[in-house]
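A.B. asks: Residue 42 in the working numbering is what sits at position 44 of the sequence shown, and the numbering runs on without skipping anything. Glycine residues also receive a C-beta, built at the ideal position from the N, C-alpha and C atoms. Note that the structure is predicted; figures quoted are calculated from it, not measured.
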Amino acid sequence: MNPDSSIPDNETVERRRQDRRRFTLRSIFGALFTLRRRRSRRKGDQLNAYIDWYEPWPLMASVVIILLSSLDAFLTLILLNHGAVELNILMDWLIRMDIRTFAAVKLAVTGLALIILVLHFNFRLYKVLPVRYLIYALMPLYAFLIAHELSLLGQLPP
């Protein structure tokens, strides 16, 4: 800026218009591996704040949930081959249409839901229930579902 006035001179305006950001291999690796914001900036903003870097637990929980969801899809197909009935109308329609589509949609919906939940990891649902507890609660719920499906498979005649 020109010290005599509040109007920026042409050189400052031109420098601002130039985009100095370049997408190089170094910038991509820097974005992936440089430590970013792990907590909110202000002490009072820890609730309902987005962060850039998560602890390893949400990732591990998400991977376990995806694996359990895959196992659920596999066990569901085995049970259906032995005469079971799918109660979820959408999944039943997808299974009848194509098994690959069923598996893809099931994993895509689970993955998208997990992405949304992890993005809102520090938020509270209805200002009461922390979203992080929902993520961690899905693991034992899926494990219970898998145990139920395995018990149903154990009841099948040989």
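(1) Is LEU92 near the ligand ZN, going by C-beta to nearest heavy atom under 6 Å?
(2) Going by CA-CA distance only, name the one from LEU77, GLU53, ILE63, ALA71 that's closest to TYR169.
(3) Which residue spans inside the segment 111 to 155 form an unbroken alpha helix (DSSP H) run of at least 4?
(4) State yes or no: is the C-beta of PHE119 within less than 7 Å of the C-beta of ARG130?
(5) Report yes if the CB atom of LEU115 is closer than 7 Å to the CB atom of ILE133, and no otherwise.
(6) Thinking just about the alpha-carbon of each residue, which of PRO138, ASN79, GLY81 is nearest to the one in LEU65?
(7) According to DSSP, is ALA59 helix, strand or coil?
(8) Between the C-alpha atoms of ASN86 and LEU78, what's the straight-line distance to the nearest angstrom?
C.D. replies: According to the data block:
(1) With respect to the ligand ZN, the structure offers nothing, as it holds no ligand at all.
(2) The requested residue 169 is not part of the displayed model; the chain covers only -1 to 156.
(3) If we require 4 residues or more, the alpha helix (DSSP H) runs fully inside the segment 111 to 155 come out as 129 to 152.
(4) With a cutoff of 7 Å on beta-carbon distance, PHE119 and ARG130 are scored as near each other.
(5) Going by beta carbons, LEU115 and ILE133 fall inside the 7 Å limit.
(6) Taking only the C-alpha atoms, the option nearest LEU65 is PRO138.
(7) Residue state for ALA59 is assigned as helix, using DSSP reduced to three classes.
(8) C-alpha of ASN86 to C-alpha of LEU78: approximately 13 Å in a straight line.
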